[in-house]
Amino acid sequence: SEPLPVQMITVLGATGSIGQSTLDVVRRNSDRYRVFALTANAQVDRLHQQCLEFSPRFAVMADPVAAGCLRQRLRESGCATEVLTGTEGLRQVAADAEVELVMAAIVGAAGLLPTLAAVEAGKRVLLANKESLVMAGALFMESVSRHNACLLPIDSEHNAIYQCLPHNYAEPEGRAGVRRILLTASGGPFRTTDLESLRRVTPEQACAHPNWPMGRKISVDSATMMNKGLEAIEACWLFDLPVSQVEVVIHPQSVIHSLVDYLDGSVLAQMGNPDMRTPIAYGMAWPERIDSGVEPLDLVKVGRLDFEAPDRVRFPCLQLAFDAVATGGTSMVTLNAANEVAVDAFLNRQLGFCQIAELNREVLEQLVVQPADSLEQVLEADRLARDRAGQLLRSDRFGWGIC
Ligand code: NAD
Ligand code: MG
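Residue 405, in the UniProt record's numbering, is where the sequence shown stops; the numbers in between run on with no holes.
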């Protein structure tokens, strides 16, 4: 039989949790994929190691000092990978004509411009970086259709929904049959913690997720359920649905990754062991299926599947996100930016866990909602929200140990 054409992939955020899982899928399917570029913020050791294993054409370090360091290390190891730096370097390797697939797995707003560069170059974009869609949903989706990019969701919930939607969802008749989508949520590590103790939880406790090992930012988002709020916003943009057709259900086992509820009463779910290599492999090989290294699901071992309604008192961030979609405009950019500042402060023990939601709420209340139709408007709203969140953090009302 004919050898398969080899596809070139750029992995943005290669050193992170999603990046490493992506490279594991590449490793298992080395006959189909070759790495064009790997990128990271400042983790020189890990990116160096990855360059030695995958021999990419380019490695990009967002941080220029780290880039110099990596360049030196690669030269010493006799590795021919060329080192670039900064947002320009990230955009370049996301848009290069040789690249077919771009894994967008940078965390936070830093992922927006490189991910948009991949979209504008018409790539197959594997979207893990939900924050870019939350910030710039309207212009992001408009750009996808204008440049004929292929956008495949990697967030496990959205990947599950993508798999469960009708094949003709893009047409009105297909769309009409869908009543709503159900996003499942594990509830995070503090689903049953008593509300008093919740005030004193530490970053270490917040980052110990029961079902999935993930980066620190998304782990905290998972503990506050802001992650599910961001995912509700992400779902509205990806599937062009009003937020009234998006629901959240707590499912502690994380075996059902999300569901689509049809008008005739059918409910389709996508299931599997909680391992991000499944949605990653799906996105890479679509519409085919490849080995991801994930163990087959043993339903007998799982034993039972539980469901409950999310507790809106325990998880105020969830409501903030639903309200932000309803408000529209820059409110989603504002919420995302405030939350990035708040989570960072919590991780550095400058803000109590329960104050993450309070800081987010206050920034949303203080800033005027503007249109978010252009990149300039989005970036300006992001900057304003970060500034305001920073000011509030420096006030004596917010801090570690203040609740
Ligand atoms: P992570 O913290 O483990 O990795 C983040 C990556 O981004 C690293 O490679 C880091 O070097 C890079 N990075 C960080 N700041 C940067 C900057 N300023 N400029 C350039 N690069 C930068 O995060 P993760 O858990 O892999 O998550 C990545 C994205 O995927 C997030 O948007 C997250 O919400 C999403 N996601 C993750 C999971 C998961 O299971 N980990 C699941 C669904 C969605
Ligand atoms: Mg998710």
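Ideal placement from N, C-alpha and C gives every residue a C-beta, glycine not left out.
In chain order, the residues with a C-beta atom nearer than 7 Å to some heavy atom of the ligand MG are D157, S158, E159, N229, E233.
Ranked by how close their Cα comes to the Cα of S256, the residues Q372, C166, H211, G15 have H211 in first place. C-alpha of Q379 to C-alpha of A112: approximately 16 Å in a straight line. Secondary structure within the stretch 166 to 223: the alpha helix (DSSP H) runs of 4 or more consecutive residues, fully enclosed, are 174 to 178, 197 to 200, 205 to 208 (chain order).
Judged by DSSP secondary structure, E133 falls within the alpha helix (DSSP H) whose first and last residues are 132 to 148. Judged by DSSP secondary structure, S333 falls within the alpha helix (DSSP H) whose first and last residues are 333 to 349. Assignment of H253 by DSSP, reduced to helix, strand and coil, places it in the coil class. Taken through DSSP and simplified to helix, strand or coil, A225 comes out as helix. DSSP lists no beta-bridge partner residue for P7.
If you check the CB distance, V345 and K219 come in under 8 Å. The stretch 272 to 285 makes contact with the stretch 151 to 167; the number of CB pairs closer than 8 Å reaches 3 or more. Partner residues in the beta bridge of Q272, as assigned by DSSP, are S260.
The beta-carbon distance between G88 and A64, rounded to whole angstroms, is 7 Å. This is short enough to meet the 8 Å contact definition. For the ligand NAD, no non-hydrogen atom lies closer than 7 Å to the CB of R77. Here H253 is buried, its C-beta having at least 16 other C-beta atoms within 10 Å. Between L25 and P155, the C-beta spacing is not below 8 Å. Counting only runs of 4 or more residues that sit fully inside the stretch 377 to 404, the alpha helix (DSSP H) segments are 377 to 396, in chain order.
In the structure shown, the three-state DSSP call for F56 is helix. Between A123 and S294, the alpha-carbon positions lie close to 27 Å from each other. For V370, the number of other beta carbons within 10 angstroms of its own is below 16, and it is reported as exposed.
For the options T117, S79, W288, the alpha carbon positioned closest to that of V95 is the one of T117. With fewer than 16 other beta carbons inside 10 angstroms of its own, G392 counts as exposed.
By the criterion of a C-beta distance shorter than 7 Å, R177 is surrounded in its chain by Y171, once the five residues flanking it on both sides are discounted. Residue environment: L299 is assigned as exposed (fewer than 16 neighbouring CB atoms within 10 Å of its CB, all protein chains considered). Under the DSSP assignment, A64 falls outside any beta strand (DSSP E); it carries neither an H nor an E label.
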